[in-house]
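**Q**
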Amino acid sequence: MYESHAVESDGVFLGTIILDVNRTSHRFYATHDSVRALHNQTLNERRELVRRAVTQFQRSARNGGDHAHHTR
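The letter at position 12 of the sequence shown is residue 12 when you use this note's numbering, and the numbering goes up by one with no holes.
#1: Tell me which same chain residues have a C-beta within less than 7 Å of the C-beta of V54, skipping the five on either side of it?
#2: By how many angstroms is the C-alpha of A61 removed from the C-alpha of R46?
#3: Reducing DSSP to helix, strand and coil, say where M1 ends up.
#4: When DSSP labels each residue in this structure, what does S60 get in the three-state scheme?
#5: Between the Cα of E48 and the Cα atoms of T31, I17, R59 and V21, which residue gives the shortest distance?
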């Protein structure tokens, strides 16, 4: 089984970082609409994928996109 790490920001689950079978690259599996553009992006640095996902999510939130601060 692959190793994986949850990615969240402000309590919102954005997706998962999956360590690929080669054990050197990490792939982002996006689950939140605001970070869908990053889905399947692969990098050697897990932290960089997390940074990109969180930054994209925060940008979306600032621009009024689908984000954590929904009102009911």
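No residue lacks a Cβ here, since even glycine has one placed at the ideal position from N, Cα and C.
**A** The short version:
#1: Cβ within range, chain order: S9.
#2: Each residue's CA atom was taken as its position, placing R46 and A61 some 23 Å apart.
#3: With a pLDDT of 48 at M1, under the threshold of 50, the modelled position of that residue is not reliable, and the figure given next carries that caveat. In the three-state DSSP reduction, M1 falls in the coil class, being neither helix nor strand.
#4: The answer is helix: DSSP assigns S60 an H, G or I state.
#5: Among T31, I17, R59 and V21, the Cα nearest to that of E48 is on I17.
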